[in-house]
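Trainee: Sharing a structure here in C-alpha coordinates format.
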Amino acid sequence: MAGRMVVGSAALAGLVRPASAPDPAGGHRVLPVAPELTGLLPNRGLRRGSTVAVATGQPRRSGGTSLVLALLAEASRAGSWCAVVGVPTFGAGAAAEYGIALDRLALVPNPGPEWATVVAALIDGVDVVVTAVPAAVSASVANRLAARARQRGSVLVPYGRWDGADVTLQVVRGVWEGLGPGRGRLRRREVTVSARGRGAAARPKEVKVWLPGDGLTRVIPRPAATSVASVTGRSAAGRLRPVPPAGPSDPVGRRGTLTLVGPA
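For the sequence shown, the numbering used here gives the first residue as 410, with consecutive numbering after it.
Now the structure itself:
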(Lines of atoms letter the chains of each structure in order from A and count residues from 1; the text may use other names and numbers.)
(Lines give C-alpha, C1' and ligand atoms only; values in the text may rest on other atoms or scores of the structure.)
Protein backbone atom coordinates (compact mmCIF):
# COMPACT_ATOMS: atom_id res chain seq x y z
CA MET A 1 0.00 0.00 0.00
CA ALA A 2 1.40 3.35 -1.01
CA GLY A 3 2.00 5.65 1.92
CA ARG A 4 0.91 5.01 5.49
CA MET A 5 -2.65 5.42 6.73
CA VAL A 6 -2.90 6.42 10.37
CA VAL A 7 -5.83 7.49 12.50
CA GLY A 8 -5.56 9.19 15.89
CA SER A 9 -2.57 10.06 18.01
CA ALA A 10 -2.09 6.54 19.42
CA ALA A 11 -1.33 5.14 15.96
CA LEU A 12 1.47 7.68 15.54
CA ALA A 13 3.56 6.41 18.45
CA GLY A 14 6.88 5.14 17.13
CA LEU A 15 5.96 5.90 13.54
CA VAL A 16 8.23 8.91 13.05
CA ARG A 17 10.93 10.79 14.89
CA PRO A 18 10.02 14.22 16.31
CA ALA A 19 10.27 16.93 13.66
CA SER A 20 12.44 19.04 15.98
CA ALA A 21 14.96 16.23 16.55
CA PRO A 22 18.27 16.30 14.64
CA ASP A 23 18.07 14.53 11.30
CA PRO A 24 20.84 12.98 9.17
CA ALA A 25 21.13 16.20 7.17
CA GLY A 26 21.87 18.21 10.29
CA GLY A 27 18.41 19.38 11.34
CA HIS A 28 18.31 22.41 9.05
CA ARG A 29 15.81 25.07 9.99
CA VAL A 30 14.68 25.53 6.38
CA LEU A 31 13.40 22.56 4.37
CA PRO A 32 14.12 22.72 0.63
CA VAL A 33 11.55 23.38 -2.09
CA ALA A 34 11.78 23.19 -5.88
CA PRO A 35 14.09 25.93 -7.26
CA GLU A 36 11.26 27.60 -9.16
CA LEU A 37 9.30 28.11 -5.91
CA THR A 38 12.11 29.54 -3.78
CA GLY A 39 11.41 33.13 -4.83
CA LEU A 40 7.89 32.92 -3.38
CA LEU A 41 9.05 32.11 0.16
CA PRO A 42 10.87 34.60 2.41
CA ASN A 43 13.45 32.01 3.50
CA ARG A 44 13.63 30.43 0.02
CA GLY A 45 12.24 27.25 1.54
CA LEU A 46 9.87 25.91 4.19
CA ARG A 47 11.04 27.38 7.48
CA ARG A 48 10.42 25.08 10.43
CA GLY A 49 7.74 26.48 12.69
CA SER A 50 6.02 28.44 9.92
CA THR A 51 2.53 28.18 8.44
CA VAL A 52 2.41 28.17 4.63
CA ALA A 53 -1.17 28.05 3.37
CA VAL A 54 -2.25 26.93 -0.10
CA ALA A 55 -5.46 28.70 -1.01
CA THR A 56 -8.03 27.01 -3.22
CA GLY A 57 -9.87 28.53 -6.13
CA GLN A 58 -12.47 27.11 -8.47
CA PRO A 59 -12.21 23.31 -7.95
CA ARG A 60 -11.67 22.41 -11.58
CA ARG A 61 -9.06 25.03 -12.28
CA SER A 62 -7.35 25.83 -9.01
CA GLY A 63 -4.24 23.63 -9.37
CA GLY A 64 -3.97 23.66 -5.59
CA THR A 65 -3.33 19.93 -5.21
CA SER A 66 -0.49 20.04 -7.74
CA LEU A 67 1.00 23.00 -5.88
CA VAL A 68 0.85 21.06 -2.60
CA LEU A 69 2.68 18.14 -4.24
CA ALA A 70 5.32 20.50 -5.62
CA LEU A 71 5.84 22.01 -2.16
CA LEU A 72 6.39 18.61 -0.54
CA ALA A 73 8.62 17.01 -3.17
CA GLU A 74 12.06 18.45 -2.37
CA ALA A 75 11.67 18.21 1.41
CA SER A 76 10.56 14.58 1.06
CA ARG A 77 13.48 13.75 -1.21
CA ALA A 78 15.82 15.33 1.36
CA GLY A 79 14.58 12.91 4.04
CA SER A 80 11.69 14.75 5.71
CA TRP A 81 8.50 13.05 6.84
CA CYS A 82 5.26 14.46 5.41
CA ALA A 83 1.60 13.94 6.26
CA VAL A 84 -1.64 14.75 4.42
CA VAL A 85 -4.85 15.01 6.45
CA GLY A 86 -8.44 15.24 5.25
CA VAL A 87 -7.83 14.86 1.50
CA PRO A 88 -9.41 11.50 0.59
CA THR A 89 -8.74 12.05 -3.12
CA PHE A 90 -5.02 12.56 -2.57
CA GLY A 91 -3.24 10.33 -5.08
CA ALA A 92 -0.22 8.38 -3.89
CA GLY A 93 0.66 7.63 -7.52
CA ALA A 94 0.78 11.33 -8.35
CA ALA A 95 2.84 11.95 -5.23
CA ALA A 96 5.40 9.37 -6.34
CA GLU A 97 5.61 10.98 -9.79
CA TYR A 98 6.50 14.28 -8.12
CA GLY A 99 9.30 12.55 -6.23
CA ILE A 100 7.65 12.26 -2.80
CA ALA A 101 8.98 9.29 -0.83
CA LEU A 102 5.93 7.14 -0.07
CA ASP A 103 7.68 5.34 2.78
CA ARG A 104 7.87 8.69 4.59
CA LEU A 105 4.32 9.80 3.78
CA ALA A 106 1.50 9.45 6.33
CA LEU A 107 -2.08 9.66 5.02
CA VAL A 108 -5.17 10.36 7.12
CA PRO A 109 -7.95 10.55 4.51
CA ASN A 110 -10.84 11.01 6.95
CA PRO A 111 -9.82 12.34 10.38
CA GLY A 112 -13.46 12.61 11.52
CA PRO A 113 -14.62 14.96 14.28
CA GLU A 114 -11.20 14.79 15.99
CA TRP A 115 -9.53 16.66 13.11
CA ALA A 116 -7.71 19.15 15.35
CA THR A 117 -6.43 16.37 17.64
CA VAL A 118 -5.09 14.36 14.69
CA VAL A 119 -3.37 17.40 13.16
CA ALA A 120 -1.84 18.36 16.51
CA ALA A 121 -0.48 14.82 17.00
CA LEU A 122 1.09 14.84 13.54
CA ILE A 123 2.65 18.25 14.17
CA ASP A 124 4.41 16.68 17.16
CA GLY A 125 6.11 14.05 15.02
CA VAL A 126 6.13 14.99 11.32
CA ASP A 127 8.20 17.60 9.51
CA VAL A 128 5.51 18.88 7.11
CA VAL A 129 1.78 18.53 7.81
CA VAL A 130 -0.69 19.30 5.02
CA THR A 131 -4.31 19.48 6.08
CA ALA A 132 -7.54 20.34 4.33
CA VAL A 133 -9.23 23.11 6.31
CA PRO A 134 -12.72 22.25 7.61
CA ALA A 135 -15.35 24.85 6.86
CA ALA A 136 -16.20 25.32 10.53
CA VAL A 137 -12.67 25.64 11.97
CA SER A 138 -12.53 28.45 14.52
CA ALA A 139 -9.83 31.11 14.71
CA SER A 140 -8.82 29.90 18.19
CA VAL A 141 -8.24 26.33 16.96
CA ALA A 142 -6.27 27.60 13.95
CA ASN A 143 -4.12 29.79 16.19
CA ARG A 144 -3.41 26.90 18.57
CA LEU A 145 -2.30 24.63 15.72
CA ALA A 146 -0.05 27.35 14.27
CA ALA A 147 1.47 27.94 17.71
CA ARG A 148 2.05 24.20 18.14
CA ALA A 149 3.88 24.10 14.79
CA ARG A 150 6.12 26.96 15.93
CA GLN A 151 6.93 25.16 19.18
CA ARG A 152 7.58 21.76 17.60
CA GLY A 153 9.51 22.96 14.55
CA SER A 154 7.04 21.48 12.07
CA VAL A 155 5.76 23.18 8.93
CA LEU A 156 1.98 23.48 8.84
CA VAL A 157 0.47 23.66 5.34
CA PRO A 158 -3.29 24.38 5.52
CA TYR A 159 -5.04 23.59 2.23
CA GLY A 160 -7.90 26.07 2.05
CA ARG A 161 -8.71 29.40 3.64
CA TRP A 162 -6.46 30.12 6.62
CA ASP A 163 -6.19 33.61 8.06
CA GLY A 164 -2.90 34.60 9.63
CA ALA A 165 -0.57 32.32 7.67
CA ASP A 166 3.03 33.46 7.29
CA VAL A 167 2.67 32.99 3.51
CA THR A 168 -0.35 32.12 1.38
CA LEU A 169 0.25 30.61 -2.06
CA GLN A 170 -2.41 30.33 -4.75
CA VAL A 171 -2.59 29.34 -8.39
CA VAL A 172 -4.22 32.32 -10.10
CA ARG A 173 -3.92 31.38 -13.78
CA GLY A 174 -3.18 28.23 -15.76
CA VAL A 175 -2.84 26.99 -19.34
CA TRP A 176 -2.72 23.31 -20.28
CA GLU A 177 -0.24 21.85 -22.77
CA GLY A 178 -0.51 18.69 -24.83
CA LEU A 179 -3.61 19.12 -27.00
CA GLY A 180 -3.05 19.50 -30.74
CA PRO A 181 -5.52 20.30 -33.54
CA GLY A 182 -8.30 17.87 -32.69
CA ARG A 183 -6.15 15.35 -30.83
CA GLY A 184 -3.63 14.83 -28.04
CA ARG A 185 -3.72 14.49 -24.27
CA LEU A 186 -3.27 16.89 -21.36
CA ARG A 187 0.30 16.53 -20.13
CA ARG A 188 1.20 19.49 -17.96
CA ARG A 189 0.08 22.99 -17.13
CA GLU A 190 1.86 26.34 -17.05
CA VAL A 191 0.49 28.13 -14.00
CA THR A 192 1.00 31.48 -12.33
CA VAL A 193 1.46 31.15 -8.57
CA SER A 194 0.99 34.18 -6.35
CA ALA A 195 2.37 34.65 -2.85
CA ARG A 196 1.25 37.06 -0.19
CA GLY A 197 1.87 37.15 3.53
CA ARG A 198 3.20 39.17 6.37
CA GLY A 199 6.59 40.36 7.54
CA ALA A 200 9.23 39.43 4.98
CA ALA A 201 6.47 38.07 2.71
CA ALA A 202 4.31 41.21 2.80
CA ARG A 203 5.25 42.21 -0.74
CA PRO A 204 3.10 40.21 -3.22
CA LYS A 205 5.01 38.04 -5.70
CA GLU A 206 4.15 35.94 -8.73
CA VAL A 207 6.02 33.30 -10.68
CA LYS A 208 5.19 31.03 -13.63
CA VAL A 209 5.93 27.32 -13.26
CA TRP A 210 5.08 24.02 -14.90
CA LEU A 211 2.92 21.59 -12.94
CA PRO A 212 4.01 18.81 -13.01
CA GLY A 213 7.39 20.46 -12.82
CA ASP A 214 10.48 18.21 -12.47
CA GLY A 215 12.63 21.33 -12.60
CA LEU A 216 11.34 22.39 -16.00
CA THR A 217 11.19 26.08 -15.11
CA ARG A 218 14.03 28.39 -14.24
CA VAL A 219 13.39 31.82 -12.76
CA ILE A 220 16.31 34.07 -13.70
CA PRO A 221 16.03 37.64 -12.37
CA ARG A 222 17.61 40.47 -14.31
CA PRO A 223 19.39 43.16 -12.24
CA ALA A 224 16.97 45.98 -11.44
CA ALA A 225 19.24 48.59 -13.00
CA THR A 226 19.11 46.91 -16.41
CA SER A 227 16.23 47.50 -18.79
CA VAL A 228 15.89 45.73 -22.13
CA ALA A 229 13.71 47.28 -24.80
CA SER A 230 11.80 45.16 -27.27
CA VAL A 231 11.34 45.89 -30.95
CA THR A 232 7.97 47.44 -30.09
CA GLY A 233 9.63 49.94 -27.76
CA ARG A 234 8.24 48.29 -24.64
CA SER A 235 10.44 46.96 -21.86
CA ALA A 236 11.10 43.22 -22.05
CA ALA A 237 11.46 42.91 -18.26
CA GLY A 238 9.13 40.40 -16.67
CA ARG A 239 8.34 38.63 -19.94
CA LEU A 240 8.77 34.92 -20.66
CA ARG A 241 10.94 33.69 -23.50
CA PRO A 242 11.51 30.08 -24.58
CA VAL A 243 14.89 28.45 -24.02
CA PRO A 244 16.04 25.65 -26.37
CA PRO A 245 15.94 22.13 -24.92
CA ALA A 246 19.02 21.11 -22.97
CA GLY A 247 21.63 19.13 -24.86
CA PRO A 248 23.39 15.97 -23.72
CA SER A 249 26.14 18.07 -22.12
CA ASP A 250 23.73 19.97 -19.91
CA PRO A 251 24.29 18.54 -16.39
CA VAL A 252 20.89 19.72 -15.25
CA GLY A 253 19.06 17.94 -18.06
CA ARG A 254 16.07 20.28 -18.18
CA ARG A 255 13.95 20.36 -21.29
CA GLY A 256 11.30 22.75 -22.51
CA THR A 257 12.61 25.35 -20.04
CA LEU A 258 11.03 28.76 -19.60
CA THR A 259 13.10 31.72 -18.48
CA LEU A 260 11.50 34.61 -16.62
CA VAL A 261 13.44 37.78 -17.28
CA GLY A 262 12.69 40.57 -14.84
CA PRO A 263 13.73 42.34 -11.68
CA ALA A 264 14.49 40.27 -8.60
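All C-beta atoms in this analysis are idealised placements derived from N, C-alpha and C, irrespective of residue type, glycine included.
Closest to residue 540 by C-alpha separation, out of 486, 481 and 594, would be which residue?
Mentor: As a working note, residue 540 is residue 131 in the sequence shown. Residue 481 is the option with its Cα nearest to residue 540.
Trainee: Have a look at 488, 588 and 603 and flag the residue whose alpha-carbon is nearest the alpha-carbon of residue 448.
Mentor: Your numbering for residue 448 matches position 39 in the sequence shown. Per the Cα distances, 603.
Trainee: Contact check, residue 537 vs residue 566 under 8 angstroms by CB: the rounded distance?
Mentor: Taking the first residue of the sequence shown as 1, we reach residue 537 at position 128. Taking the first residue of the sequence shown as 1, we reach residue 566 at position 157. That belief holds up - the Cβ atoms of residue 537 and residue 566 are roughly 6 angstroms apart, short of 8 angstroms.
Trainee: Quick check on DSSP: helix, strand or coil for residue 565?
Mentor: Within the sequence shown, numbered from 1, the residue matching residue 565 stands at position 156. Assignment of residue 565 by DSSP, reduced to helix, strand and coil, places it in the strand class.
Trainee: What are the boundary residues of the beta strand (DSSP E) that includes residue 534?
Mentor: Numbered from its first residue, the sequence shown carries residue 534 at position 125. Unbroken run through residue 534 is the alpha helix (DSSP H), 524-534; no beta strand (DSSP E).
Trainee: Nearest-angstrom Cα distance between residue 361 and residue 453?
Mentor: Absent from the structure is residue 361, since the part of the chain shown begins at 410 and ends at 673.
Trainee: Is there a C-beta anywhere in chain B that falls below 7 angstroms from the one on residue 532?
Mentor: Within the model displayed, chain B is absent; a lone protein chain is all it includes.
Trainee: Can you tell me whether residue 465 is helix, strand or coil according to DSSP?
Mentor: By one-based count along the sequence shown, residue 465 stands at place 56. If DSSP states are grouped into helix, strand and coil, residue 465 belongs with coil.
Trainee: What residue does the alpha helix (DSSP H) around residue 603 start on, and which one ends it?
Mentor: Here residue 603 corresponds to residue number 194 of the sequence shown, with the count starting at 1. Not the alpha helix (DSSP H): residue 603 falls in the beta strand (DSSP E), residues 592-606.
Trainee: For residue 526, does the count of other Cβ atoms within 10 angstroms reach 16, so buried, or fall short, so exposed?
Mentor: Walking along the sequence shown from the start, residue 526 turns up at place 117. Label assigned to residue 526: exposed.
Trainee: Checking 7 angstroms against the spacing of the C-beta atoms, do residue 594 and residue 586 come in under that value?
Mentor: In the sequence shown, the residue the question calls residue 594 occupies position 185. In the sequence shown, the residue the question calls residue 586 occupies position 177. No, Cβ-Cβ distance for residue 594 and residue 586 is not below 7 angstroms.
Trainee: Expressed to the nearest angstrom, what Euclidean distance is found between the alpha-carbon atoms of residue 550 and residue 559?
Mentor: For the purposes of this step, residue 550 is taken as residue 141 along the sequence shown, with counting starting at 1. For the purposes of this step, residue 559 is taken as residue 150 along the sequence shown, with counting starting at 1. CA-to-CA, the gap between residue 550 and residue 559 works out to about 14 angstroms.
Trainee: Who are residue 540's beta bridge partners in DSSP?
Mentor: Position 131 of the sequence shown, counted from the start, is the residue given in the question as residue 540. Its beta-bridge partners are 494 and 567.
Trainee: With a 10 Å radius around its C-beta and 16 neighbouring C-beta atoms as the bar for buried, classify residue 575 as buried or exposed.
Mentor: Here residue 575 refers to the residue found at position 166 when the sequence shown is read from its first residue. By the neighbour-count rule (16 or more Cβ atoms within 10 Å), residue 575 is buried.
Trainee: Roughly how many angstroms separate the alpha carbons of residue 591 and residue 579, rounded to a whole number?
Mentor: Position 182 of the sequence shown holds residue 591. Position 170 of the sequence shown holds residue 579. When rounded, the distance between both Cα atoms is 31 angstroms.
Trainee: To the nearest whole angstrom, what separates the beta carbons of residue 543 and residue 524, a pair I think is in contact under 8 angstroms?
Mentor: The residue labelled residue 543 in the question sits at position 134 within the sequence shown. The residue labelled residue 524 in the question sits at position 115 within the sequence shown. The pair is a contact, with the Cβ atoms about 6 angstroms apart (cut-off 8 angstroms).
Trainee: Please look up how many angstroms separate the CB atoms of residue 607 and residue 613, rounded, as I've assumed it's under 8 angstroms.
Mentor: Numbered from its first residue, the sequence shown carries residue 607 at position 198. Numbered from its first residue, the sequence shown carries residue 613 at position 204. Incorrect: roughly 12 angstroms between the Cβ atoms, too far for contact.
Trainee: Where does the unbroken alpha helix (DSSP H) through residue 586 begin, and where does it stop?
Mentor: Position 177 of the sequence shown, counting from 1, holds the residue named residue 586. First-last for residue 586: 576-589, but that is the beta strand (DSSP E), not the alpha helix (DSSP H).
Trainee: What residues in its chain sit with their C-beta under 7 angstroms from that of residue 570, if we drop five residues either side in the sequence?
Mentor: Here residue 570 refers to the residue found at position 161 of the sequence shown. The residues are 464 and 542.
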